[in-house]
Amino acid sequence: MNKRKIFEQRRQFLQEMEEVAVQKQHAKLKLTARERLNVLFDEGSFFELNTFVEPAKAIKKTQNA
């Protein structure tokens with residue numbers, strides 16, 4: 002499997018998961034974070050930086066016995 006195929010599959014998976022998350026918020030009669038930002042800011046006045054930043058993974062420390 003080449004890199005392009007892997008990245009395409011990842012993009013598809015993340016898109017599907019985002020759709021599920023949006024549906025969950027709407028089922029609770031809530032807006033998503035991006036939808037709330039769109040309500041707060043005038044169109045074109047907000048530019049999201051670091052869109053694809055993910056939280057750092059915690060490093061599990063093990064204690065030597």
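Residue numbering for the sequence shown follows our numbering, starting at 2 and increasing by one per position.
No residue lacks a Cβ here, since even glycine has one placed at the ideal position from N, Cα and C.
Predicted model, so just to flag it, every value in this text is computed and none were measured.
Would you report the Cα separation of residue i and residue j, rounded to the nearest angstrom?
i	j	result
Q57	N51	In the sequence as presented, Gln is not what sits at residue 57; that position holds Ala. Spanning the two alpha carbons is a distance of roughly 14 angstroms.
N3	M18	23 angstroms
K31	R37	9 angstroms
Q16	A34	16 angstroms
R5	V21	25 angstroms
F14	H27	20 angstroms
Q10	V40	32 angstroms
D43	E49	13 angstroms
Entirely enclosed beta strand (DSSP E) segments - the stretch 2 to 57, minimum 3 residues: none
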